[in-house]
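Participant: Okay, here's the structure, questions in a sec.
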């Protein structure tokens, strides 16, 4: 969504991201797109304006991805390869099939690129599996799982105006000397049950995610520091969550309501680094802390069609978030542990009048 999250140093902020109804956004508002392989996506929906207020942390809007589960044949295989400038090469294999009440797909993809700029090569590998099974008429069980690996993502850094004028595709010298890069490994799984009947729709999902990040930063550590000394940050993240929602048609009106629950637990450590890795004897620990974020968000919305060309809607959501940091690095003589609770109420009220067909 244009302009949203443009000031974020990493990740995507201000936009709620869903993959097959499963939130990819963390309770702190950060979204990761590592799990999303666009070549395995059948549909993308963009939600702006009033209704996005029901999703929480979605001030910029909501992007909902739906996995491609089409399988016209009993068993089908698709191979695709894309090549482009600056060393772009993407290879994808997709296996899909159906049997009885079940429908499934498996997608394997690898993307490598040298990058427009110096020191900007990257390698990403995605393995995604999806199964839908009809338990009975109107009730479907959906299983999703996968892993995404980025063993190499070099970071060329930002350039000054003078550096850009001299050579716009160059890399910042400090980033090269300090080995600025990122390695990411992410796994996720979800179970979703959804159903529909006479004037009623409902859905419930539980999900879990594990993410490992090794991030060599060009940020200089405390003195003494040389030209090759940066900061090496590691992150071990566990995310669990659930979302329940339902909708019911009441004459000319439609009532929808639900609840979001989410928790993330991070183990974060920073060390001095030499050339991008903490290998020298003086590359000691600088930070060691656990970070926990929990969120609870009930929401409700009503839509009413008093006339064939008029729709009125009203919605409200109330979010409760708790941030907590447990400082395990006490050798600096200070315990920086702490917690903060934050609440936010968001809502909308509006009328749409369709002047003409």
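In my numbering, the protein residues as written are 7 to 363.
Think of the CB as a built atom: it goes at the ideal place given N, C-alpha and C, for glycine as much as any other residue.
From the DSSP output, in three-state form, read off residue 183 for me.
Facilitator: helix
Participant: Rounded to the nearest angstrom, what separates residue 290 and residue 146 at their Cα positions?
Facilitator: 52 Å
Participant: Within the same chain, show all residues whose beta-carbon is closer than 7 Å to that of residue 81, passing over the 5 residues directly before and after it, in chain order.
Facilitator: 103
Participant: Indicate the three-state DSSP secondary structure (helix, strand or coil) for residue 75 in the structure shown.
Facilitator: When secondary structure is reduced to three states using DSSP, residue 75 falls in the coil class, being assigned neither helix nor strand.
Participant: Residue 303 and residue 234 - do their beta-carbons sit closer together than 9 Å?
Facilitator: Their beta carbons are not under 9 Å apart, which means residue 234 does not touch residue 303 by this criterion.
Participant: Helix, strand or coil: which one does DSSP assign to residue 40?
Facilitator: The three-state secondary structure of residue 40, taken from DSSP, is coil.
Participant: So is residue 38 buried or exposed if we call it buried at 16+ other beta carbons inside 10 Å?
Facilitator: buried
Participant: In whole angstroms, what separates the C-alpha of residue 179 from that of residue 189?
Facilitator: 20 Å
Participant: Which residue's Cα is closest to the Cα of residue 95: 112, 26, 117 and 78?
Facilitator: 117
Participant: Kindly indicate which residue of 124, 339, 70 and 136 has the alpha-carbon position closest to the one of residue 364.
Facilitator: The first residue shown for the chain is 7 and the last is 363, placing residue 364 beyond what the model contains.
Participant: Does DSSP put residue 177 in a helix, a strand or coil?
Facilitator: coil
Participant: Just checking, does the stretch 319-330 make contact with the stretch 270-289 on the three C-beta pairs under 8 Å criterion?
Facilitator: no
Participant: Three-state secondary structure (DSSP) at residue 60?
Facilitator: helix
Participant: Going straight from the alpha carbon of residue 69 to that of residue 42, what length do you get?
Facilitator: 12 Å
Participant: Note down the Cα distance separating residue 356 from residue 319, rounded to an integer number of angstroms.
Facilitator: 5 Å
Participant: Drop a sphere of 10 angstroms on the beta-carbon of residue 181, count the other beta-carbons inside from all chains shown, and report buried for 16 or more, exposed for fewer.
Facilitator: With 16 or more other Cβ atoms within 10 Å, it is buried.
Participant: With a cut-off of 8 Å, do at least 3 Cβ pairs link the stretch 258-272 to the stretch 302-316?
Facilitator: yes
Participant: Note down the Cα distance separating residue 99 from residue 239, rounded to an integer number of angstroms.
Facilitator: The straight-line gap separating the alpha-carbon atoms of residue 99 and residue 239 is approximately 34 Å.
Participant: Rounding to the nearest angstrom, what Cα-Cα distance links residue 222 and residue 332 in this structure?
Facilitator: One C-alpha to the other measures close to 23 Å.
Participant: Let me confirm a value: residue 76 is counted as buried when at least 16 other C-beta atoms fall within 10 Å, else exposed. Which label applies?
Facilitator: exposed
Participant: Could you tell me which whole alpha helix (DSSP H) segments of length 4 or greater appear in the stretch 120-206?
Facilitator: 167-172 and 179-183
Participant: Given that a residue counts as buried once 16 or more other Cβ atoms are within 10 Å of its Cβ, and exposed if not, what is residue 245?
Facilitator: Buried, by the Cβ-count rule.
Participant: For residue 71, count neighbouring C-beta atoms within 10 Å of its own C-beta (all shown protein chains included) and say buried if the count is 16 or more, exposed if not.
Facilitator: buried
Participant: Are the stretch 157-164 and the stretch 118-136 touching, with three or more C-beta to C-beta distances below 8 Å?
Facilitator: yes
Participant: Rounded to whole angstroms, what's the CA-CA distance from residue 2 to residue 346? Just pull it up for me.
Facilitator: What the structure shows of the chain is the stretch from 7 to 363, and residue 2 is not part of that stretch, so it cannot be assessed.
Participant: To the nearest angstrom, how far is the alpha carbon of residue 241 from that of residue 90?
Facilitator: 33 Å
Participant: Report all residues from its chain with a CB closer than 8 Å to the CB of residue 315; omit the five preceding and five following residues, and keep chain order.
Facilitator: 359, 360 and 361
Participant: Let me know the secondary structure DSSP gives residue 45 once reduced to three states.
Facilitator: Helix, per DSSP.
Participant: Tell me which residues share the same chain as residue 86 and place their Cβ nearer than 7 Å to its Cβ, disregarding the 5 neighbours each side in the sequence.
Facilitator: Cβ within range, chain order: 45 and 98.
Participant: Rounded to whole angstroms, what is the Cα-Cα separation between residue 299 and residue 27?
Facilitator: Cα to Cα, residue 299 sits roughly 21 Å from residue 27.
Participant: DSSP three-state label for residue 264, please.
Facilitator: strand
Participant: Would you report the Cα separation of residue 295 and residue 208, rounded to the nearest angstrom?
Facilitator: 39 Å
Participant: Ends of the beta strand (DSSP E) at residue 354?
Facilitator: 344-359
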